[in-house]
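So the protein lines, in turn, are chains B and X. For the first sequence, the UniProt record's numbering begins at 1 and goes up steadily by one. For the second sequence, the UniProt record's numbering begins at 1 and goes up steadily by one. Glycine residues also receive a C-beta, built at the ideal position from the N, C-alpha and C atoms. Below is one structure; the comments refer to it alone.
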Amino acid sequence: MKLYTKTAHELHDLLVRKEVSAIELVKTQAERMQALESKIRAFVTPTVDKALEQAARVDAKIAAGEAIGPLEGIPMAIKDNMCTDGVRTTCSSKILNKFVPPYDATVVTKLKEAGAVMMGKTNLDEFAMGSSTENSGFFATRNPWDTERVPGGSSGGSAASVAAGQAVFSLGSDTGGSIRQPAAFCGVVGLKPTYGAVSRFGLIAFASSLDQIGPFTRDVRDCAHVMNAIAGHDAKDSTSAPVDYPDYTSLLGKSIKGWRVGLPKEYFGDGMDPEVKEVIEKAVKTIESLGAEVAECSLPHTEYALPVYYLIAPAEASSNLARYDGVRYGYRSESADDLITMFKKTRAEGFGDEVKRRIMLGTYALSSGYYDAYYLKALKVRTLIKNDFDQAFEKFDCILSPTTPSVAFKFGDRTDNPLQMYLSDVFTLSVNLAGIPGLSINAGFAQGMPVGLQIIGKPFDEARLLQIAHAYEEATGCHSKMPDLGV
Amino acid sequence: MERDFDFEIVMGLEVHAELHTKSKIFCGCTTEFGGEQNTHVCPVCLGLPGVLPVLNRQVVDYAMKAGLALNCEIAEFSKFDRKNYFYPDLPKAYQISQYDLPIAKDGYIEIEAGGKKKRIGITRVHMEEDAGKLVHAGAANLAGADYSLADYNRTGVPLIEIVSEPDIRSIEEAIAYLEQMKAILEYTEVSDCKMEQGSLRCDANVSLRPWGQKEFGTKAELKNMNSFKALQRALEYEIERQAEILREGGKIVQETRMWDEAKGMTISLRSKEEAHDYRYFPDPDLVPIVISREWVDKVRQTLPELPQARRLRLVQSYGLPQYDADIIVGSKAMADYFDAACSAYGIAVAAGTEADSKGKERAKQISNYMMGELTRFLNATEKGFQDSPISLDNLVGLLRLLEEGTISTKIAKTVFEEMFATGKAAKTVVEEKGLVQISDEGAIAAVIREILAANPSVVADYKAGKEKAMGFLVGQAMKATKGKANPGLVNKLLKEELAKM
């Protein structure tokens, strides 16, 4: 029995039937983690010892005949930009290298309450800025399907850990596609929930109005379970939505007959890899065969999403990252004699190139004299982009697109050309700008690499996105394939 | 400044007031002043990575209340913005403040300066968080310090910033404006306005222009005035500094200047060219504030009688002289004490009605004691009216004894002192010390006769027309009775006896 190939709900059944213990699960997972770490490098900080303690508590509960929840005893991983009480949280940045938060992010608290067992903190592009996890301040994570290729980013560590079977599920954060793009590259399920559906408290901010935490899982049902655990209103986050949250598993298995599915013509133009296009077109046919009506739709302001995103996100980042000044915690330059020099050197030495690039972009966009022309204009166009979706959803239940224009690229392929790199998120950015949910599932393979299908929905419509994704998964079974890593 | 000054002074003030909420603006930490360094802090007010601000609703209530008291329009839609700059006392490297959509705007207050009433416009009232403070070791400020420590206890304490229109034309007006502003904020109880603790701070924009010129002159912004005296001195210095430059044909540089209390001068901090670019933008961590009419009405109902209305009432209802009313209304605690004392003395009247002449007499007595003895003793013991050791009943008790003639004005002073020291009732003090006024004509006459017999030369002087001699004799009589003799009777009987001689 290869435990590492199983989903959370399958493992739950094994735990309940006492065919496996939580301790065994952690141990198998830890072995796999260690065996693959030199190849994949998904983890910044492993927390196996703590995981064993947590697992022992779950086993005691099972032994006492108590009922356990769906995530209880399940090994998981957390992207290292979510705060964990007593466990260092680095954002994969030199500047936060030694930061140990005295609090848990709300999602971490919720997963702890749900009994999930944390195996470690996963690698990311520094401060979640990037599309390949090559921009980590520590080391690059590799794609389990082909270790010559990137796992995507910025949540590359979280996506790779699930794809490689090092964790059963993980959490990532998505500011412009940082869950969906690596999910696509690594062939796992990745959901960027509606803005406000999952608390951001404890998530180290990149761009506050766009950031959202979401799960990576091996199948859609697991994604629903994780959402059940992490979604909900949080008094510690003003932007958290006080609405009724559904049981995300409630619609799984229900037919999608009669669904109206939109294909945005702007997403199927130039620039898409023909093989990726082919896989997506086939996936659309499958959806159609399940009873959905597919028609072309239009999101006319799509072409502005990339420039708008690269004004708003860096603007917010420039402000959010200003607190790393060496005064109170984290890295401080030792070669400064006065205050201003200390600020400057700390930041010059502590931040990597991509982070500096975005801080400079954002600072410029917010400067007096440029604010109206750039930031304010971007906010206005953001509204137009959101309106595009609102209009489309008057006619359609959901929108399908490729998650990325190509499959995972090779290391170094795009590092010299930041603009080229930014284009790998071109299909995902608009969803963050509009604050709506987007889900990426494995649609099939091209060049032996997974291809992601993106399903975009109305605000707070995650349960229905999971319903259609589940229907696709049942019809194709391509989610069950795992990379062969030789161990 | 007089009209013969070469230039017209144009000023606007920016007042920062710490709101008197129990907890900070974006977290649950206490706002209490002082405390051991960095004990009133949490991850949220320290802006640690990942934490988020959550707005304290009470702050909005208080800011709104201040806005209403300053006759402002309350915004239906308001939001928080980030003001970005680096400084070690600012943990997030940005201050959460309000930029283009403040909670309140377009108000005014009425001041009186040089005997003239005047309206000063209020441009805006906005909410923001306070920063921490640096403690410089071995020096008063950063320059020259061996090292500096940061105390974040004050970080996140809620502030309102009140910006006036450039309507102020003299130092006198500026002081009156700040006094009136302080009184209004105290009356509404949104701030404790303790300038010495920094809970009320003031900056000033100062410019001069030739009389008759419409355009404003170039202004300088003055910072760091934390008392009325400092404001007065800083303005005097700055106006003279600018006038001198202008008289010599020079140009004023637009800049920010700091008032240096020790040196007694303003010092340039930064010029406009190097002025900060704060890169304001809407704080994405906080949702906009939508304020309903109902919410405004609810806050409006909590507005107390404001100083101006109260001053008017004290003059109209109790016939107090304007001078007395000004002093009493100048402090809310004093005004509250006055109203309560009137009520205890049975002379409380509703607004718009007048007390009878007896009531007015009594009110004036209360005022006299409050402005005189009570203030003196409170000041000496560094107490406020709210914690006066003389209860309202005891004060009224004393005034009754006076009114009945049981004690003399002079004795009342002794009694008052004892009451203040012990908290005892006037009657008790009078009884314990045997201070009842002697109004027995026979007894007083006997004393007088003795004195006259003992001082023949003085009597002779009096007879010779020396009026002063009379005073000496009265004094002797009072001394002999230990001040208890009714002075009116002493005078009367003394004259009678002398006439007989």
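Chain-order list of residues whose beta-carbon lies under 7 Å from that of residue i (same chain, five-residue window excluded)
{"i": "methionine 258(X)", "result": "Lys223, Asn224, Thr266, Ile267 and Leu269"}
{"i": "proline 43(X)", "result": "Val51"}
{"i": "glutamate 2(X)", "result": "Confidence at glutamate 2(X) is low in this model, with a pLDDT of 49, below 50, so its placement is unreliable and the value that follows should be read with caution. Excluding residues within five positions, none has a Cβ falling inside 7 Å."}
{"i": "proline 242(B)", "result": "His233"}
{"i": "methionine 419(X)", "result": "Ile390, Asn394, Leu398, Ala426 and Val429"}
{"i": "lysine 61(B)", "result": "Ile68"}
{"i": "lysine 39(B)", "result": "Arg142, Thr147 and Leu485"}
{"i": "asparagine 84(X)", "result": "Ala93, Tyr94, Tyr278 and Arg279"}
Pair within 8 Å by beta-carbon distance, residue i and residue j
{"i": "valine 157(X)", "j": "tyrosine 62(X)", "result": "no"}
{"i": "alanine 55(B)", "j": "glycine 73(B)", "result": "yes"}
{"i": "isoleucine 385(B)", "j": "alanine 305(B)", "result": "yes"}
{"i": "leucine 435(X)", "j": "threonine 414(X)", "result": "yes"}
{"i": "proline 45(B)", "j": "glycine 130(B)", "result": "For the sequence presented, residue 45(B) should be read as threonine rather than proline. Going by C-beta atoms, threonine 45(B) is not nearer than 8 Å to glycine 130(B)."}
{"i": "alanine 262(X)", "j": "leucine 208(X)", "result": "no"}
{"i": "glycine 352(B)", "j": "glycine 137(B)", "result": "yes"}
{"i": "arginine 218(B)", "j": "proline 91(X)", "result": "no"}
{"i": "valine 431(B)", "j": "isoleucine 456(B)", "result": "yes"}
{"i": "glycine 405(X)", "j": "serine 439(X)", "result": "yes"}
{"i": "valine 41(X)", "j": "tyrosine 152(X)", "result": "yes"}
{"i": "proline 49(X)", "j": "leucine 286(X)", "result": "no"}
{"i": "alanine 335(X)", "j": "leucine 200(X)", "result": "no"}
{"i": "leucine 124(B)", "j": "cysteine 91(B)", "result": "yes"}
{"i": "glutamine 181(B)", "j": "serine 368(B)", "result": "no"}
{"i": "arginine 32(B)", "j": "glycine 165(B)", "result": "yes"}
Residue i burial status per 10 Å Cβ neighbour count (16 or more: buried)
{"i": "lysine 110(B)", "result": "buried"}
{"i": "methionine 360(B)", "result": "exposed"}
{"i": "residue 489(B)", "result": "Because chain B here runs from 1 to 487, residue 489(B) falls outside it and cannot be looked at."}
{"i": "arginine 124(X)", "result": "buried"}
{"i": "alanine 477(X)", "result": "buried"}
{"i": "valine 426(B)", "result": "buried"}
{"i": "asparagine 442(B)", "result": "buried"}
{"i": "methionine 449(B)", "result": "buried"}
Below-8 Å beta-carbon distance, residue i vs any chain C residue
{"i": "leucine 208(X)", "result": "Here the protein chains are B and X, and chain C is not one of them."}
beta-carbon residue i near the ligand NAD non-hydrogen atom, thresh 7 Å
{"i": "serine 154(B)", "result": "Inclusion of the ligand NAD in the displayed structure is not the case, the ligand content being empty and no account of it being possible."}
Coarse secondary structure for residue i, derived from DSSP in three states
{"i": "phenylalanine 169(B)", "result": "strand"}
{"i": "proline 70(B)", "result": "coil"}
{"i": "alanine 17(X)", "result": "strand"}
{"i": "glutamate 275(B)", "result": "helix"}
{"i": "glutamate 2(X)", "result": "Confidence in glutamate 2(X) is poor, its pLDDT being 49 and thus under 50, which makes the residue's placement unreliable; the coordinate value appears in the next sentence. In the structure shown, glutamate 2(X) sits in coil (DSSP, three-state: anything other than H, G, I, E or B)."}
{"i": "tyrosine 87(X)", "result": "coil"}
{"i": "threonine 123(X)", "result": "strand"}
{"i": "histidine 136(X)", "result": "strand"}
{"i": "leucine 263(B)", "result": "strand"}
{"i": "tyrosine 108(X)", "result": "strand"}
{"i": "lysine 79(X)", "result": "coil"}
{"i": "threonine 375(X)", "result": "helix"}
{"i": "serine 164(X)", "result": "strand"}
{"i": "glutamine 212(B)", "result": "strand"}
{"i": "serine 23(X)", "result": "strand"}
Same chain, Cβ closer than 6 Å to residue i, neighbours up to 5 away in sequence not counted
{"i": "glutamate 305(X)", "result": "none"}
{"i": "tyrosine 345(X)", "result": "Arg362 and Val396"}
Cβ shell of residue i (< 8 Å), same chain only, five flanking positions each side left out
{"i": "valine 458(X)", "result": "Ala469, Phe472 and Leu473"}
**OP:** Mind the definition here: the region 110 to 123 of chain B touches the region 222 to 238 of chain B only if three or more C-beta pairs lie below 8 Å; say whether that holds.
**Re:** yes
Original post:
Do the region 90 to 101 of chain X and the region 165 to 176 of chain X meet, that is, are 3 or more Cβ pairs less than 8 Å apart?
Top reply: no
**OP:** May I ask you to verify whether the region 186 to 202 of chain B touches the region 457 to 468 of chain B, counting CB pairs closer than 8 Å and requiring at least 3?
**Re:** yes
Original post:
Taking contact to mean at least 3 C-beta pairs separated by less than 8 Å, is the region 306 to 326 of chain X in contact with the region 76 to 90 of chain X?
Top reply: no
**OP:** Inspect the CB distances between the region 74 to 83 of chain B and the region 151 to 163 of chain B and report whether three or more fall short of 8 Å.
**Re:** yes
Subject >> contact_flag[the region 375 to 391 of chain B, the region 293 to 310 of chain B] where n(CB pairs < 8 Å) is 3 or more >> reply: Output reads yes: the region 293 to 310 of chain B touches the region 375 to 391 of chain B.
Subject >> the region 326 to 342 of chain B touching the region 200 to 220 of chain B, judged by at least three CB pairs closer than 8 Å >> reply: No: the two stretches stay apart, fewer than three of their Cβ pairs being nearer than 8 Å.
Subject >> Three-pair Cβ contact test at 8 Å for the region 436 to 456 of chain X versus the region 489 to 496 of chain X >> reply: yes
Original post:
Are three or more beta carbon pairs between the region 320 to 340 of chain X and the region 178 to 194 of chain X nearer than 8 Å?
Top reply: yes
Original post:
With a cut-off of 8 Å, do at least 3 Cβ pairs link the region 172 to 180 of chain X to the region 474 to 483 of chain B?
Top reply: For the pair of segments examined, the region 172 to 180 of chain X was found not to touch the region 474 to 483 of chain B: the number of CB pairs separated by less than 8 Å stays below three.
Original post:
If you pair each beta-carbon of the region 27 to 35 of chain B with each one of the region 93 to 109 of chain B, do three or more pairs fall below 8 Å?
Top reply: no
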